[in-house]
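Protein chains: 2
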Amino acid sequence: KKWVTLRWIHRWVIMFMIGIGTALLAAAIHAIVENLAHLKFELVKDYLDHCAKEGCLYQPVLIWMAINVVVTMAGAALVTFLQPKAAGSGIPFIKSYLNGVKIPGLLTFRAFIAKTVGVVCSILGGLACGKEGPMAHSGSIIAAGLGRGRINFCAGKSCSLYDSFRNDHEIRDFVAGGAASGVSSAFGAPIGGTLFSLEEAASFWNQDLTWRVFFASMIACFGTNFLISSINGHPTKLSAPGLVRFNVFKYDLNFDLIEIPVFIFMAVVGGLLGALFVVLNYKLTVFRQKYLNKNWIKVVEAGVVSVVSAAIAFGLLVGINDCTTEHPSDHHAVTSKLYCKGEGEHNSLSTLFLTTPEGCLKALLHDPYGFHGPVSLVAFVCIFFFMGVWTYGLSVSSGVFIPALAIGAAWGRLVGIGVINMLPDSTHLQIDVGKYALIGAACQLGGILRTTISLTVILVECTGDISFGLPIMIVLMISKWVGDFITTGLYDMNVEVLGMPMLPFDCPPLTEDLRASDIMSQPLYTFKPKETVRNIYSMLQQETFCGFPVIEEDTSTTPRQIKLKGLILRHQLLLLLHKKIFCPPGQVQPRNVKLKDFRDFYPMYMKVEEIEISEEEMDYEMDLKPYYNPTPYTVESIFSLPRVFNLFRGLGLRHLIVVNDKNVPIGMVTRKDLAKFRVGSKRGIVKIEHLNIEDK
Amino acid sequence: KKWVTLRWIHRWVIMFMIGIGTALLAAAIHAIVENLAHLKFELVKDYLDHCAKEGCLYQPVLIWMAINVVVTMAGAALVTFLQPKAAGSGIPFIKSYLNGVKIPGLLTFRAFIAKTVGVVCSILGGLACGKEGPMAHSGSIIAAGLGRGRINFCAGKSCSLYDSFRNDHEIRDFVAGGAASGVSSAFGAPIGGTLFSLEEAASFWNQDLTWRVFFASMIACFGTNFLISSINGHPTKLSAPGLVRFNVFKYDLNFDLIEIPVFIFMAVVGGLLGALFVVLNYKLTVFRQKYLNKNWIKVVEAGVVSVVSAAIAFGLLVGINDCTTEHPSDHHAVTSKLYCKGEGEHNSLSTLFLTTPEGCLKALLHDPYGFHGPVSLVAFVCIFFFMGVWTYGLSVSSGVFIPALAIGAAWGRLVGIGVINMLPDSTHLQIDVGKYALIGAACQLGGILRTTISLTVILVECTGDISFGLPIMIVLMISKWVGDFITTGLYDMNVEVLGMPMLPFDCPPLTEDLRASDIMSQPLYTFKPKETVRNIYSMLQQETFCGFPVIEEDTSTTPRQIKLKGLILRHQLLLLLHKKIFCPPGQVQPRNVKLKDFRDFYPMYMKVEEIEISEEEMDYEMDLKPYYNPTPYTVESIFSLPRVFNLFRGLGLRHLIVVNDKNVPIGMVTRKDLAKFRVGSKRGIVKIEHLNIEDK
């Protein structure tokens, strides 16, 4: 009983450490990115201002491009060669992992380095991406490391602290906490972060786990707030709950009922644009998989994107010489005069392009009414949309949240300017332009990602104003519906393209006629309770299954009766082989394998080829009886697909033995067999797709 | 395929209607309660002011008591005699229902009347209760009615519209939406409402269901907002998202890091007081079950409470003659002069006692610093705590949210006054007293109810300020920990006392050694595929099980082989008997029962005694083959309790057949068998309790 209480406390302590670790990481990345980016853009600005007079504008553009290409390619190389699983925002991977998919290499120290250093490089390299998405992945890696109590620096070397939580189930719970902490510290959204983890992870809603996850994300949010406030110079004021926040509006966000139709119109636009984004990115992804699949090409592509980004930004700065005398909302913003001659005038686009995508988003939300002209905004939307599509899917560590929000904020601002101009006597409404930008941002995000409940909560928490949550929820819902009518969301598209065997929330409809016997994998590979080492070894070499039924044949009766005894897992067999738990027939088998050995092993199981077994030992026998699970879940072959599906989803199974009506095993159903069936809804018509999920 | 889409649309439409219905109800109750209560207290006030001069103070107290006792007893009689399940807040019932417990009469039209009219009576009767808790129950009833597409006005008469959703699973989904809508319209908390439903209902997180529930609660929140704003005279301004909101603070809620220790201290106090509340109420509940279990006594007790409430309130008003010249925060507040002589002076306690508990809460949160003196506050805390304990558990429709918040707000205000007085030069901090009241309210609520994630979100949404959410979350968590160290929460205590077979979130620890064979119900009652009507009839009469295995005996082999064929449910057998689906042996059985008949039946299954079967028919045979479920879930007898538990929880099962290793059924595990095992944590020590769950 004491042991139960101790474990309980230990779990809470680890969750606390996960929160702290994530907060430290978030604050560090924030400080590094903001300061270095400021230096970079100050440099570019100085050259721009200088050369606009001297006529040497080739200098700033070359410097800009050079910085971008070097930094971006460094980041891309890191990701591509160190751990390719660190590419992108990592959110589709984390969702799949929490859903129950095993993804080797996802939660390793290498992935951590590639992810965190990579995201700094991507942003400094001028790509259209944010540092928020990757925080979920980084937080998860921190959680997995703390949960296992061990970090593997390189092959072989590792430092092990405690081992009581080394099993898939516990680690998954910690990772849920880590992902939540990451989201929470990125957006200052502890509730949203918790929901983000749980909506994929929860096989059912476990209140104790929920509290622990919530605790971790609160600590992370609080810690990030404290650290960034300290960096800003007033540690006890707690002014910065997350890395990105929209709630610095100088006035109260209010809305009138008559504005709702405008918001709905914007939501429809957001849904359509979002679907376009997904379609274009899908085509690009397929193209990349076909033609750009060499590692060096991936690195070069990232470099090309960063150069093009710089070139286009430069072109717009020079081409649209939109001068303004208004002050930008951010006092630290880098503003270039360029060709603007007047006293106090500066180029309005410089607050959008001489900053990180995040600064750009903030500028669009908070800059005063007259700051950005319609022409600049239209140009910005087109360019940023195009760059966003191109950037997502590069082999760099990058998030899609911020670019999506920035695109939406830009066209939202356009709509706002239009509405305000259409109304008579509307000068007092000019402060509302930021509100339209915010709604536009929400619409665009909803259209691209098809927000779930958690994303809705995250956005509302980001806004910091509950009363304004209502229009945000409405536009998110409508943009999702519009987008879903045309394509799936960006993450779902990603998961599909990657071929992850992710189980949907519900069994697809119209599959009641399919039986367990129709979908199971055959032939079935089984072991006897006493099996020769040779059989085991060769079976593990030939087959990739993770579990094998153990059966006993009773040869005394006719017909022979086959009886299911249990299920043994691949990694158990590997450990038993490695520990040489076998003996010549007739002798007593050594029993020197303990639960601790299985834990020490976790999660780095060797390959079967790495186990050395002499030719003599091949004929030895292994008694599986003490090790197999005597009560595996089974279903009869006449069970319908929805019932099998519910078993998998409800219990978080990985394999299920199918038996005939005499309890004789005849096949296995695995996750992959089920994940093949997916309901696609295109243009309002429901259909069942049969996905092709490869073994990777 | 078209059918799937149509059903999908139909579900959304029903959810929409649920939201609208709940909003209408909430607005109606709000308008009725506020206006009538205002009239009542104006009347009392006029007499008070008049009689303070004339010396006829017996008049107002008698009038006050008379109104209270008549109205309260009317409400109590309604609940007690019409539908006792409508007593209390209904939240423990709704939680149990969503958890999977069948509660007859909970979602009927009678319960609706008793609940809604009852809560109006309780508040007008001056009980220390709120109208928010019952909204969850009322919303659920609306949802169940709309889901079934039928309302039963009295026995026999009913109006049936559509029948496609008449099964437990669909109705439970709608009820989840209804409960969420109720919470959402009560507190203006669409996200909190959604979580409230899902944390009990979700066997796993179903994204489509989540969106539908969220949609319903958004509509409810929006509708309530619109309706109440319209009543207040400015329909498009949307100023009232819920029935109760705290976000009318005139200044921004800010907090400094150095205030956190004070908040933590308050959380500990809240946890301790909350535990005391639960313990006292538990003793009272046990006492009531023993001695006050006659219906008329229940009604009388409610009357006594209401009279005592009025008497104490009157005593305090007269006894503590605390005069103030400050204006109350609510302009409509009823303020009595009583003995206050000065120009513009009035009795400060009158804003607390001459109003509904809700008005009292608002006064405590928002009244200016000097309004309530320490003596009044201490007296108020003691009295309201005592009345709160006494009121909860009466046979009236009442919520415990508001009284808990009011108690906490009062002592929170006390702490605030203390802190502000201790600091030097603190006049500018006086506006902070409302903040301390808010934190105190959260602490007290957390201590009494042991808030779950959903309650946390509800409170944060109520406050309307995300940045201030952090201290609220911290105090809720700490007060929960402190309270949990001493007792369980109020709702859990309630569920336990009621003997609901509610499954906890996790299997209790240390139960790995228990096998399915240890916990199953025996003996097992089974049917053969062809069974005589007499056997079926008498079995249904004698046993209360909801499901019976169907087995086939193969008498040709020795020993006889018994084989499990399927599972047939009690309500299926009842319908088959009722429709006379049987025939003399050898003849062809009529097949005139359709899926629609089962739906029409739902959910009012008759008792077996109501079915008339002649003596001749008793010898007829019924062929069960077309009706039983051929693929029931089964487990072997050696399955451990945690694995059985996970099956129940993950799949939402009600009964599970236990088979031996030859696939012969030997027993059944029901929900009740599992719910007996519950982990109790008292004073930090984990122990397993064996609950006594009766058949009711």
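Which chain is which? The protein sequence lines are A and B, in order. Here the first sequence is numbered in the numbering used here, starting from 1 and rising by one per residue. Here the second sequence is numbered in the numbering used here, starting from 1 and rising by one per residue. The beta-carbon is built from N, C-alpha and C at its ideal position, and this holds for glycine as well.
When Cβ pairs closer than 8 Å are counted between the two stretches, the segment 646-653 of chain A is seen not to touch the segment 560-571 of chain A, the count staying below three. Three or more Cβ pairs closer than 8 Å define a contact, and the segment 281-296 of chain A falls short of that threshold against the segment 101-112 of chain A. B/HIS50 is bridged by DSSP to nothing; it lacks a bridge partner. Using a CB distance cut-off of 9 Å, B/SER640 counts as an interface residue toward chain A. In the structure shown, the three-state DSSP call for A/VAL13 is helix. Within chain A, no C-beta atom comes less than 9 Å from the C-beta of B/MET520; the nearest is roughly 15 Å away.
Counting along the chain, the unbroken alpha helix (DSSP H) around B/ILE420 starts and ends at 401-422. In the three-state reduction of the DSSP assignment, A/MET135 falls in the helix class. Approximately 13 Å separates the beta-carbon atoms of A/ILE402 and A/GLY126; this is outside 8 Å, ruling out the contact.
In this structure, B/PHE112 places its C-beta atom within 9 Å of the C-beta atom of B/ILE142. At the C-beta level, A/PRO134 and A/GLY147 stay beyond 9 Å of one another.
The distance from the Cβ of A/PHE639 to that of A/ALA516 is about 4 Å, consistent with a contact at the 8 Å cut-off. The segment 6-16 of chain B makes contact with the segment 206-218 of chain B; the number of CB pairs closer than 8 Å reaches 3 or more. Only residues of its own chain outside the window of five on either side were considered, and among them ILE67 and LEU124 have a CB closer than 7 Å to the CB of B/LYS40, listed in chain order. Chain A places a beta carbon closer than 9 Å to that of B/ASN206, counting this residue as a contact. If you look at B/LYS565, you'll find it in the beta strand (DSSP E) that goes 561-569. A residue is called buried when at least 16 other Cβ atoms come within 10 angstroms of its Cβ; B/TRP3 does not meet this threshold and is exposed. Flagged as an interface residue toward chain B: A/ILE191, by a C-beta distance shorter than 9 Å. Between B/GLY271 and B/CYS443, the CB-CB gap stays under 9 Å. A/PRO630 belongs to the set of residues whose beta carbon lies under 9 Å from a beta carbon in chain B. Counting only residues of its own chain and dropping the five nearest sequence neighbours on each side, B/ILE536 has a CB closer than 8 Å to the CB of PHE527, LEU573, LEU577 and MET622. Taking C-beta atoms under 8 Å as the contact rule, A/LEU414 and A/LEU377 qualify, at a distance of about 5 Å. Spatial neighbours of A/PRO471 in its own chain (CB-CB distance under 6 Å, excluding positions within 5 residues in sequence) are listed in chain order as PHE255 and PHE263.
Of the candidates A/PHE380, A/THR634, A/ALA311 and A/PRO368, A/ALA311 places its Cα closest to the Cα of A/GLN59. Contact of B/ARG649 with chain A is assigned, a C-beta pair being separated by under 9 Å.
With 16 or more other Cβ atoms inside 10 Å of its own Cβ, B/HIS137 counts as buried. According to DSSP, B/ILE657 shares a beta bridge with B/THR634 and B/MET668.
Our two residues, A/LYS95 and A/PRO584, have alpha carbons roughly 47 Å apart in a direct line.
With a contact defined as Cβ atoms closer than 8 Å, A/THR356 and A/THR335 miss out at about 15 Å. Ranking A/VAL318, A/LEU567, A/LEU656 and A/PHE545 by CA distance to the CA of A/CYS51 puts A/VAL318 first.
Close partners of A/ARG643 in chain B (Cβ separation under 7 Å): THR631. At a cut-off of 9 Å, the C-beta of A/PHE215 has a neighbouring C-beta in chain B. Between the segment 62-81 of chain A and the segment 175-186 of chain A there are fewer than three inter-stretch CB-CB distances shorter than 8 Å, so the stretches are not counted as touching. Cβ atoms of A/ALA176 and A/LEU292 stay farther apart than 8 Å, at about 34 Å. Sequence-distant Cβ neighbours of A/LYS85 in its own chain, meaning closer than 6 Å and more than five residues away, are GLY105, LEU106 and ALA111. Interface criterion not met: the Cβ of B/ASP673 is under 9 Å from no Cβ in chain A.
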